[in-house]
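Q:
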Amino acid sequence: MSIGTFIIVSIVKILLAVFILLTAVAYVVLLERKVVAHMQNRWGPTRVGPFGIWQPLADGLKFIFKEDLTPPYVNKPLYMLAPIIAVTTALTSIAVIPVGPWIKLGSISTPLQITDVNIGLLVILGVTSVGVYGVALAGWSSNSKYSMLGGLRASAQMISYEVALGLSLIGVLIYTGSFSLSDIVNQQTGTWFGFIPKWNIFQGQIVAFFIYIMAAYAETNRIPFDLPEAETELVAGYHTEYSSMKFAMFFMAEYANMVTVACLASVLFLGGWTGPVFGPPLVQSLLPVFWFALRVFIFMFIYIWVRGTLPRFRYDQLMAFGWKFLLPLAIANIVVTALVVAVK
Amino acid sequence: MLALILFFIFAALCVGGAINLLVQKHPINSALSLIVVMGSLALIYLLLGAEFVAAVQVIVYAGAVMVLFVFVIMLLNAGAEERLSQGSKVATILGVPALIIGFGITAALVSHITGLDRIAIGGPTVMNGADVFGNPQAVGHLLFRDYLLPFEVTSILILVAIMGAVVLARREE
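Heads up: the sequence lines are chains A and B, in that order.
Count the first sequence with my numbering and you get residues 60 to 403, in order.
Count the second sequence with my numbering and you get residues 270 to 442, in order.
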């Protein structure tokens, strides 16, 4: 492939990925409102289009037309910078996630991910660890006690759970021997006895999977770990002073991070795009993407389900859970996995 | 060629961030400048083909250590520092250029004597996988085969340091 086609293919893939991610973010918000509403015996949005399916567009328009307030006495440059950091890092980490195997279009063959780097997992961890600054700086620069407390809570919580999150992935890495996400998926193809898929979750990584999920919920500030924006104590936490599109950027970043977490969970533990493939060539090349999207959808549903079910932790419980339970469990998982691999 | 252009961009960012770190009066601006320095250093590592080190640089320094810095600054609500003495005018005007020239001459001499200047920038390419020296496999082999003992001893040292910090911080009166 020449350098020209490479650049064109990359740009097309980037535009597609950002478009799909933002659409997914908009519709996850709708899904959340609908599902939580039905769990609470309400209808949720119904007015804009059938079943309220145009609600995300209406929300977007509303955000754009709202007055963009900048409160006095904020630290202006950082106040502007914070939502930019949050949304940029949230959208960047999708770049290394593979949604399908290689496809061929005429003479061009390309992987269904923006770029396949052999440190893919580390890129995601690095980008998300920089994303903490968006939240921390938003809390600090707003010059408000609620924002400040929210920002402090968020940064402490995110660096604490990042440790458990990172360690929970090591078991998978020991099995695969590669940081490349497409290698990790390729290693999970095939079945045992013809029906049990060789996903990492069935290869003894089930404990790691649950550690990952819990740490990821904390990383994305979702219930039951949404202390940084606990509305009963902190109004809205770190984004209290933000309005209009700047608030919408934090909102988008939170949901984009949820989608990334779901993608990563399906790649690392649930076999990524693997699944039965049949039919004519076009269907064959699109089915893996469908299986991947299905996994991500189920994950988002569980996210919303948990949100509609569980109460919020107390802050000391949150810290104790992260450091005294999840971290030792993750380390034990690494030791056991390493022993099993060594014995094999 | 591209590698050289990128190197100069990130090197300029790195030096600019470092100077800004010293010039800024408010601690949080200094901390953010330090993050820029760490980030551009990671990209320079990437240009040299050391992908693993680049990623770890971002995760550990830009992501974890600097978050703690920012956290402490936020927690103490540290304000802008007050400069009591103005210092000498000559030092203010000539200090930075003199330092740059002095450091440049030293660096040129050292790199010429040790032969560092004959290593091409852009180095081993990132593209052709297998036996590049900076990829995770190579780093893993070095750490866990050739330098296993120093690696483990260092980890024990770090553990002792952590425990020492905990003991000192929680000393009962």
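Idealized CB from N, CA, C, for every residue including glycine.
Nothing here was measured: the structure is a model prediction, and the numbers come from that model.
#1: When you check each C-beta in the stretch 200–214 of chain A against every C-beta of chain B, which residues fall closer than 9 Å?
#2: Mapping the DSSP letters down to three states, classify S51(A) as helix, strand or coil.
#3: What residues of chain B sit near G185(A), judged by a beta carbon separation below 7 Å?
#4: What in chain B is Cβ-close to A401(A), meaning under 8 Å?
#5: Under 8 Å between beta-carbons, which chain B residues line up against N195(A)? List them in chain order, please.
#6: Which runs of the alpha helix (DSSP H) spanning at least 4 residues fall entirely within the stretch 128–166 of chain A, listed in chain order?
#7: If I'm right that E275(B) touches L316(B) with Cβ under 8 Å, what's the distance once you round it to whole angstroms?
#8: Mind listing which residues of the stretch 153–183 of chain A have their C-beta closer than 7 Å to chain B's C-betas, in chain order?
#9: I want to verify the contact list: residues of chain A whose CB lies under 7 Å from the CB of N404(B), in sequence order.
#10: Report the three-state DSSP secondary structure of W251(A) (helix, strand or coil).
#11: For S407(A), does the count of other Cβ atoms within 10 angstroms reach 16, so buried, or fall short, so exposed?
#12: Just to confirm my understanding: we take V395(B), look at its own chain, exclude 5 residues before and 5 after, and list those with CB closer than 6 Å. What are they?
#13: Taking C-beta pairs closer than 7 Å, name the residues in chain A that F372(B) reaches, listed in chain order.
#14: Excluding sequence positions up to five away, which residues of its chain have a Cβ less than 8 Å from the Cβ of I79(A)?
#15: By the criterion of Cβ-Cβ separation under 7 Å, what are the contact partners of F238(A) in chain B?
#16: For T187(A), which of helix, strand or coil comes out of DSSP?
#17: Looking at C-alpha atoms only, which residue of A272(B), V325(B), N298(B), I288(B) is the closest neighbour of I183(A)?
#18: With H, G and I counted as helix, E and B as strand and the rest as coil, what does DSSP make of S21(A)?
#19: Indicate whether A300(B) and Y314(B) have their beta-carbon atoms separated by less than 8 Å.
#20: Is it the case that the Cβ atoms of G225(A) and A213(A) are separated by a distance below 8 Å?
#21: Under 8 Å between the Cβ atoms of I328(B) and L181(A)?
#22: Look at the Cβ atom of L89(A), then the Cβ atom of G111(A), and state whether they are nearer than 8 Å.
#23: Can you round the beta-carbon distance between L196(A) and L140(A) to whole angstroms, since I take them to be within the 8 Å contact cut?
#24: Quick one: does E320(B) have its CB under 8 Å from some CB of chain A?
#25: For the alpha helix (DSSP H) that contains W350(A), what are its first and last residues?
#26: Starting from P405(B), follow its DSSP beta bridges and name the residues at the other end.
#27: Does T218(A) come within less than 8 Å of chain B when only Cβ atoms are used?
#28: With 16 other CB atoms within 10 Å as the buried threshold, where does F268(A) fall?
#29: Determine, using beta carbons only, whether I288(B) comes closer than 8 Å to chain A.
#30: If you measure between the beta carbons of G159(A) and P347(A), is that distance less than 8 Å?
A: In brief:
#1: S200, M207, G210, L211, S214
#2: An answer regarding residue 51(A) cannot be provided, because it is not within the stretch 60 to 403 covered by chain A.
#3: A324, V327, I328, G332
#4: Here the premise fails: no neighbours, minimum Cβ distance about 13 Å.
#5: It should be pointed out that residue 195(A) corresponds to Ala in this sequence rather than to Asn. Near A195(A) (Cβ distances below 8 Å), the residues of chain B are V336, V339, F340, M343.
#6: 135–151
#7: Note on residue identity: the sequence assigns Leu, not Glu, to residue 275(B). So it is a contact: roughly 6 Å between Cβ atoms.
#8: N177, I178, L181, V182
#9: N177
#10: strand
#11: Chain A is shown only over 60 to 403; residue 407(A) falls outside these bounds and no answer can be derived.
#12: Its pLDDT being 43, under 50, V395(B) is placed unreliably in this model, and the coordinates cannot settle the point.
#13: By Cβ distance, chain A contributes nothing, its closest Cβ being about 29 Å from F372(B), past 7 Å.
#14: none
#15: P405
#16: helix
#17: V325(B)
#18: Residue 21(A) is absent from the structure shown; chain A starts at 60 and stops at 403.
#19: no
#20: no
#21: yes
#22: yes
#23: 6 Å
#24: yes
#25: 340–368
#26: The partner list for P405(B) (beta bridge, DSSP) is empty, contrary to what the question assumes.
#27: In the sequence as presented, Thr is not what sits at residue 218(A); that position holds Ile. Answer yes: the Cβ-Cβ gap between I218(A) and chain B drops below 8 Å somewhere.
#28: buried
#29: no
#30: yes
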